[in-house]
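In what follows, a structure is listed as structure tokens, so that the remarks can point back to it.
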């Protein structure tokens with residue numbers, strides 16, 4: 001993998017060989033059950049997830065708004081001979097337009113955002129193109145979408161609104177993060193639970209060291225400490241009941257008829 005040294009994701013890959021092993025394994029577990037899976041990777045960064053899940057994808061559509069990251073994404077897909085991947089040089093939103101991107105300058109380009117309320121004094125600003133996902137997929141005659149992985153720092157709900165026709169027609173499984181008040185506010189404001197995801201179910205995803213995993217267990221502090229020292233599978237994804245007010249690195253939204261694709265994942269309900 002070509003990485004950006006000194007960047008949060010790049011340094012994690014250098015140290016461990018991969019970034020976000022829990023999230024990657026979650027996607028692998030789901031995709032290996034879906035024949036000829038067609039996947040959208042929205043916020044593909046340098047391709048950490050795309051490279052890892054590519055063996056399970058018949059087609060993989062990668063969206064990355066930042067040129068520096070997109071260049072590395074292109075190289076990493078090429079080096080790994082991933083021919084079924086397609087890269088788009090723009091982001092996704094609910095409208096076709098130019099938007100400011102607030103670039104993180106603190107060592108984590110993946111935290112760059114188009115959401116003004118999430119920017120900091122360390123951010124610089126660049127203009128970038130965003131498009132409605134439904135328009136893009138129609139232009140490229142994408143005939144189905146099985147899974148959407150989306151991580152775009154607070155703009156996920158707005159981008160998914162731009163994919164509303166795709167979601168209604170294809171009913172994909174959606175894996176996203178849920179860790180800021182902007183996301184929660186958009187979800188409420190757009191009444192997503194009653195509209196876009198009216199018959200979808202939401203579950204949280206944690207790993208085996210997450211404090212949510214240990215809630216309600218006797219002597220959880222001691223047991224968690226022992227578990228951390230003695231087990232090598234602490235990264236494995238575990239499904240938990242979704243709590244609107246909690247922060248999760250990953251949640252899954254899925255239509256009820258596709259619940260069987262989550263079978264085999266550990267659960268704590």
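Residue numbers (the UniProt record's numbering): 1 to 269.
Backbone N, C-alpha and C fix where the C-beta goes; we use that ideal spot for every residue, glycine too.
| query | result |
| --- | --- |
| Per DSSP, residue 98 forms a beta bridge with which residues? | 129 |
| Would you mind stating whether residue 155 and residue 101 have Cβ atoms separated by less than 8 Å? | no |
| Is the segment 139-157 touching the segment 121-129, taking contact as three or more C-beta pairs under 8 Å? | no |
| Quick one: using the 10 Å Cβ neighbour count with 16 as the cut-off for buried, is residue 44 buried or exposed? | buried |
| List the endpoints of the continuous alpha helix (DSSP H) containing residue 213. | 211-214 |
| Candidates 241, 201 and 175: which alpha carbon is nearest residue 250's? | 175 |
| For residue 236 versus residue 64, is the C-beta distance shorter than 8 Å? | no |
| Taking only three categories from DSSP, how would you classify residue 59? | strand |
| Sort 94, 258, 92 and 73 by Cα distance to residue 85 and report the nearest one. | 73 |
| Please determine, among 13, 79 and 242, the residue with the shortest C-alpha to C-alpha distance to residue 193. | 242 |
| Grab me the residues of residue 172's own chain with a C-beta within less than 6 Å of its C-beta, minus the 5 sequence neighbours each way, in chain order. | 145, 146, 147 and 148 |
| Measure the alpha-carbon distance for residue 220 versus residue 212 and round it to whole angstroms. | 11 Å |
| At which residues does the alpha helix (DSSP H) containing residue 22 begin and terminate? | 21-31 |
| Thinking residue 274 and residue 164 are a contact (beta carbons under 8 Å), I'd like their distance in whole angstroms, please. | For residue 274 there is no data in the structure shown, the boundaries of the chain being 1 and 269. |
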